[in-house]
Amino acid sequence: MSQAWLSYDDAPPFWLPASFFGAAMLWLLLLGGLLLPADMLTANRYHPQLLALTHVLALGVLGNIMSGALLQMLAVASGVAARRASHLLLGIFLPWQAGTALLVGGFWFGFAPLALQAAAVLLCAAIIRLAWHGLHGLAHSPARDASSRGMALALLALLVTALLGLGLVLTLSGQLPLPLMPLLHSHVLWAAMGWLFLLLLAVSQTVIPMFLITPSYPAWMLSTGRAVLLLLLACSLALFFWPAQLWLPASLLLIPVVLYAVQSWRLLRQSRRPADPLWRQWQGVIACLLLGGVSAWLCSRWTAWPSLPLLAGLWWLGGAGLGATLAMLGKILPFLAWLHLKRLNPPRGLLPSTHGFLPESAQRRVRLLHQLWLLAGTLWCWQPGRFHGLFALSTLALASYALWLGGKIARRYHAVQGAVSTAATH
Amino acid sequence: MNAIACLTQQHRDCDAILAQAEQAVRHGDWTSAGQTCLRLATDLEQHFQLEELQLFPAFEAATGMYSGPTAVMRQEHQQIRQLLQDMDDAVHATDASAWLGHAETLLILTQQHNMKEENILYPMCSQHIAGFEQMVMAGASA
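Here the protein sequences line up with chains X and S, keeping their order. The first sequence begins at 1 in the UniProt record's numbering and counts up one residue at a time. The second sequence begins at 1 in the UniProt record's numbering and counts up one residue at a time.
The structure is reproduced here in structure tokens:
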């Protein structure tokens with residue numbers, strides 16, 4: 001067993017997760033900018049603009065926050081050291097940004113094959129590096145808690161998602177003779193249910209009891225994660241070989257979502273801290289998860305309304321995914337700022353509390369802006385040509401406010417850092 | 001209840017007391033807030049004493065790891081004690097905003113601290129310390 005176990009020095013330096021979180025907000029700003037020109041007048045899930053926007057949200061916004069938070073969680077909850085932070089920045093952060101930019105550009109400019117291929121290679125490289133860091137670290141960690149095991153499942157699902165994405169790009173550019181639609185549906189399922197839902201399941205088993213002081217999730221929740229992976233495998237096999245039987249595993253996939261939602265709701269009701277802004281934020285996450293899950297399930301049987309797949313994606317990614325990640329950021333970022341400044345041994349009274357970096361009122365405003373954004377997005381899914389301006393403006397407002405808050409935290413951090421240095425020299 | 005469950009339960013009991021103090025502060029009941037904070041500080045100190053005076057030295061002697069996990073845990077105990085002092089100052093100043101800020105910092109600090117102990121350190125203690133169960137049970141009932 002290493003002597004360095006549990007050392008603060010093994011946790012990533014502040015700038016590593018902060019780079020991911022900052023980049024995520026810039027991608028959110030770009031999402032608002034890309035929504036301004038209304039190329040898609042009616043709902044069409046295969047429109048190049050929609051594919052570009054979906055990947056800005058999934059990879060640029062959510063992917064960045066989830067990766068940054070995962071590196072932090074792996075270090076703190078599972079003892080997976082992040083000793084070579086600059087290597088992680090080079091191996092994960094940079095190819096992730098470049099790959100996402102190329103993928104979004106490739107979709108935006110009509111499926112440009114070279115851009116899509118370069119994007120697939122860069123994103124696969126970043127994801128393999130992240131998965132290696134996490135899975136190798138978890139295999140050597142003594143931590144056997146539900147979150148650590150759940151993070152391993154989510155990372156496995158992310159790997160499969162990336163490989164399916166690579167297969168899709170190679171098929172689209174004529175380099176692989178694979179059936180396109182089964183690949184596409186598998187990619188979507190593994191990304192949404194595997195990576196996003198499993199990570200949400202894993203992280204919430206730690207953070208909900210921890211931040212809101214609720215009883216623990218029951219032990220069977222971990223088995224739910226494993227069942228999701230098996231069902232995803234069954235769905236992919238059905239998509240490729242027995243499409244007529246797809247309804248069965250696809251319908252069964254809804255069960256873990258409902259179970260998680262019901263269990264989380266029950267725990268929230270038993271929370272000892274219902275006044276915390278996270279409490280209401282998580283209620284919204286659960287509601288969006290149910291709305292998104294049921295809409296996605298309906299998509300396979302009710303094809304008459306083309307807005308439905310868009311709504312499913314919006315509620316799942318933008319409602320549950322973005323809602324959960326923004327809520328987590330509101331807790332993680334101020335605490336990381338406090339924790340890293342505390343290591344400088346500031347004189348008593350110099351270091352503000354976490355609320356000094358981000359007050360509860362700011363977290364409530366983020367929730368409100370996110371709800372308005374979701375409402376505008378819902379209208380946009382219904383009539384994209386009519387509501388694109390409203391959705392674009394609400395995205396820009398949410399991104400600008402989040403960036404302003406991030407800047408405020410950074411300024412406060414540097415001010416305290418400067419004051420500590422001054423105090424140390426006098 | 002085994003030793004790890006007993007130590008974990010002490011963490012949960014302190015969480016519940018912190019939540020109770022928070023509700024009192026949010027309702028402006030400073031008398032109850034002061035009493036609950038005192039109970040929190042007492043219970044936490046008792047838990048820290050068990051760890052710092054018995055568990056950690058036994059772990060260090062068994063593994064030879066003197067500057068590893070136990071040093072970090074002691075450092076975090078010190079930070080928790082400082083935050084409890086900040087909260088006590090806020091109670092005396094009846095400053096709800098300051099108290100809630102320090103309490104949230106304490107909550108996250110203790111939770112990530114507890115997570116490291118429960119997920120990693122306690123299982124290691126159970127593995128390396130002979131008489132771990134008896135030591136914890138005797139310390140908890142003292």
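Ideal Cβ positions, reconstructed from N, Cα and C, are used throughout, including at glycine. Since the model is a prediction, treat every value here as computed from it, not as a measurement.
Output the distance between the C-alpha atoms of residue i and residue j, rounded to the nearest integer angstrom.
i: Phe-93 (chain X); j: Asn-64 (chain X); result: 8 Å
i: Gln-263 (chain X); j: Tyr-217 (chain X); result: 7 Å
i: Ser-241 (chain X); j: Gln-175 (chain X); result: The sequence as given places Phe at residue 241 (chain X); Ser does not occur at that position. When rounded, the distance between both Cα atoms is 21 Å.
i: Ala-238 (chain X); j: Leu-50 (chain X); result: 27 Å
i: Cys-6 (chain S); j: Leu-200 (chain X); result: 29 Å
i: Leu-116 (chain X); j: Leu-122 (chain X); result: 10 Å
i: Gly-139 (chain S); j: Phe-59 (chain S); result: 15 Å
i: Pro-113 (chain X); j: Ala-162 (chain X); result: 17 Å
i: Trp-297 (chain X); j: Trp-316 (chain X); result: 12 Å
i: Leu-83 (chain S); j: Ser-295 (chain X); result: 47 Å
i: Phe-20 (chain X); j: Ala-69 (chain X); result: 9 Å
i: Glu-76 (chain S); j: Ala-85 (chain X); result: 23 Å
i: Leu-248 (chain X); j: Cys-299 (chain X); result: 14 Å
i: Leu-121 (chain S); j: Pro-57 (chain S); result: 13 Å
i: Leu-18 (chain S); j: Gly-406 (chain X); result: 29 Å
i: Ser-2 (chain X); j: Arg-129 (chain X); result: Reliability of the predicted coordinates at Ser-2 (chain X) is poor, the pLDDT of 40 falling under 50, and the value obtained from them is presented with this limitation in mind. When rounded, the distance between both Cα atoms is 23 Å.
i: Trp-5 (chain X); j: Gly-321 (chain X); result: Caution is warranted here: a pLDDT of 46 is assigned to Trp-5 (chain X), below 50, making its placement in the model unreliable, and the coordinate value is therefore given only provisionally. So the two alpha carbons sit approximately 32 Å from each other.
i: Pro-123 (chain S); j: Ile-4 (chain S); result: 8 Å
i: Trp-132 (chain X); j: Trp-195 (chain X); result: 15 Å
i: Val-80 (chain X); j: Leu-138 (chain X); result: 6 Å
i: Trp-30 (chain S); j: Ala-24 (chain S); result: 7 Å
i: Leu-158 (chain X); j: Arg-12 (chain S); result: 34 Å
i: Gln-134 (chain S); j: Leu-50 (chain S); result: 12 Å
i: Gly-167 (chain X); j: Cys-235 (chain X); result: 17 Å
i: His-113 (chain S); j: Met-73 (chain S); result: 7 Å
i: Ala-402 (chain X); j: Leu-329 (chain X); result: 10 Å
In chain S, what lies closer than 9 Å to residue i by C-beta?
i: Trp-15 (chain X); result: Per Cβ cutoff of 9 Å: no residues; Trp-15 (chain X) is ~19 Å from chain S at best.
i: Trp-338 (chain X); result: Thr-105, Ile-108 and Leu-109
i: Phe-335 (chain X); result: Glu-104, Thr-105, Ile-108, Leu-109 and Gln-112
i: Lys-331 (chain X); result: Glu-104 and Ile-108
Out of the options, point me to the one whose CA is closest to residue i's CA.
i: Ala-41 (chain S); options: S:Ala-62, S:Ala-16, S:His-27 and S:Ala-5; result: S:Ala-16
i: Lys-331 (chain X); options: S:Glu-22, S:Leu-83 and S:Gln-111; result: S:Gln-111
i: Leu-62 (chain X); options: X:Gly-79, X:Leu-90 and X:Thr-100; result: X:Thr-100
i: Leu-230 (chain X); options: X:His-185, X:Leu-153, X:Gln-417 and X:Ala-304; result: X:Leu-153
i: Leu-254 (chain X); options: X:Leu-290, X:Ser-271 and X:Ser-236; result: X:Leu-290
i: Leu-102 (chain X); options: X:Leu-138, X:Ser-141, X:Leu-59 and X:Arg-84; result: X:Leu-59
i: Gly-356 (chain X); options: X:Gly-377, X:Ala-415, X:Met-66 and X:Trp-382; result: X:Ala-415
i: Ala-62 (chain S); options: S:Met-137, S:Met-135, S:Glu-133 and S:Cys-125; result: S:Cys-125
i: Leu-53 (chain X); options: X:Ala-424, X:Arg-280, X:Cys-381 and X:Ala-402; result: X:Cys-381
i: Pro-352 (chain X); options: X:Met-328, X:Gln-417 and X:Pro-177; result: X:Gln-417
i: Thr-42 (chain X); options: X:Leu-403, X:Ala-410, X:Phe-387 and X:Val-188; result: X:Phe-387
i: Ala-11 (chain X); options: X:Arg-343, X:Thr-303 and X:Trp-190; result: X:Arg-343
i: Ala-77 (chain X); options: X:Met-151, X:Leu-34, X:Gly-110 and X:Ala-119; result: X:Met-151
i: Pro-384 (chain X); options: X:Arg-348, X:Gly-318, X:Leu-326 and X:Leu-311; result: X:Leu-311
i: Leu-375 (chain X); options: X:His-340, X:Ala-399, X:Leu-252 and X:Gly-319; result: X:Gly-319
i: Asn-345 (chain X); options: X:Ser-361, X:Gln-363 and X:Ser-421; result: X:Ser-421
i: Ala-118 (chain X); options: X:Leu-233, X:Ala-98 and X:Gly-134; result: X:Ala-98
i: Gly-33 (chain X); options: X:Ala-146, X:Leu-398, X:Val-203 and X:Ala-392; result: X:Ala-392
i: Leu-267 (chain X); options: X:Leu-178, X:Ile-409, X:Thr-214 and X:Val-104; result: X:Thr-214
Applying a beta-carbon distance threshold of less than 9 Å, which residues of chain X neighbour residue i?
i: Ala-16 (chain S); result: Ile-213 and Arg-272
i: Arg-26 (chain S); result: Ala-275
Anything in chain S within Cβ reach of residue i, meaning under 7 Å, just list it in chain order.
i: Ala-77 (chain X); result: Met-115 and Asn-119
i: Gly-356 (chain X); result: Gly-101
If the cut is a Cβ gap below 8 Å, which residues of chain S does residue i touch?
i: Ala-143 (chain X); result: Asn-119 and Ile-120
i: Thr-206 (chain X); result: Met-115
i: Met-221 (chain X); result: Near Met-221 (chain X) there are no residues of chain S at all, since even the closest Cβ is about 16 Å away, more than 8 Å.
Residue i lies in the alpha helix (DSSP H); which residues open and close that run?
i: Tyr-122 (chain S); result: 122-128
i: Leu-396 (chain X); result: 384-425
i: Gly-150 (chain X); result: 146-172
i: Gly-292 (chain X); result: 277-299
i: Thr-325 (chain X); result: 322-342
i: Ser-271 (chain X); result: From DSSP, Ser-271 (chain X) is part of no alpha helix (DSSP H); its letter is neither H nor E.
i: Ile-127 (chain X); result: 113-139
i: Ala-143 (chain X); result: Note, Ala-143 (chain X): premise wrong, no alpha helix (DSSP H); not H, not E.
i: Leu-354 (chain X); result: Just to set this straight, residue 354 (chain X) is Thr in the shown sequence, not Leu. That run of the alpha helix (DSSP H) goes 354-357.
i: Gly-319 (chain X); result: That residue, Gly-319 (chain X), is in no alpha helix (DSSP H); it is neither H nor E in DSSP.
i: Leu-139 (chain S); result: A small correction: the amino acid at residue 139 (chain S) is Gly; Leu does not occupy that position in the sequence shown. Where Gly-139 (chain S) is concerned, the enclosing alpha helix (DSSP H) stretches over 132-141.
Check whether the Cβ of residue i lies closer than 8 Å to any Cβ atom in chain A.
i: Ser-353 (chain X); result: Absent here is chain A; the protein component of the structure consists of chains X and S.
Using a cut-off of 7 Å between C-beta atoms, extract the partners of residue i located in chain X.
i: Gln-79 (chain S); result: Lys-342
i: Glu-22 (chain S); result: Arg-273
Starting from the beta carbon of residue i, find every residue of chain X whose beta carbon is closer than 8 Å, and list them in chain order.
i: Ala-19 (chain S); result: Ile-213, Arg-272 and Arg-273
If we require 4 or more residues per run, which alpha helix (DSSP H) segments fall completely within the stretch 30-83 of chain X?
Within the stretch 30-83 of chain X, the complete alpha helix (DSSP H) runs of at least 4 residues are 48-55 and 64-78.
Extract the residue ranges of the alpha helix (DSSP H) inside the stretch 207-249 of chain X, only unbroken runs of 4 or more that lie entirely within it.
Look at the stretch 207-249 of chain X and you find these whole runs of alpha helix (DSSP H), each 4 residues long or longer: 220-241.
For a minimum of 3 consecutive residues, which ranges assigned as the beta strand (DSSP E) are wholly contained in the stretch 14-99 of chain S?
none
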